[in-house]
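Single-structure report; data block below.
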């Protein structure tokens, strides 16, 4: 009984949705449902600071920042120390060598390329 009522309610809801979705509204006027559609923006007003030349034409020195002085770069002793750079993982990378490239049969066989 409960399932039958649920199916009936779902069928009515679905049919109502289909009817509402197929409505061809031709009205050209807007109906406001809340007060939000009727709101208007207030007119723009000029204020003194907007047209004041002194506000916009201030000296460049007021908004520029002084750059910090950087230390000069120099080579330090740890940069030249071989023990610093001899990491065990890097030793294995140095021993790894690629095989020499060679032309294989499939590369020049026309059966594969035509």
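In the numbering used here, the protein residues as written are 2 to 115. For glycine and all other residues, C-beta sits at the position ideal for the given N, C-alpha and C. These numbers come from a predicted model, not from an experiment.
Residue 52: member of the alpha helix (DSSP H) spanning 49-52, first to last residue. DSSP places residue 72 in the coil class of the three-state scheme, outside both helix and strand. When secondary structure is reduced to three states using DSSP, residue 102 falls in the coil class, being assigned neither helix nor strand. In the three-state scheme derived from DSSP, where H, G and I count as helix and E and B as strand, residue 43 is classed as coil.
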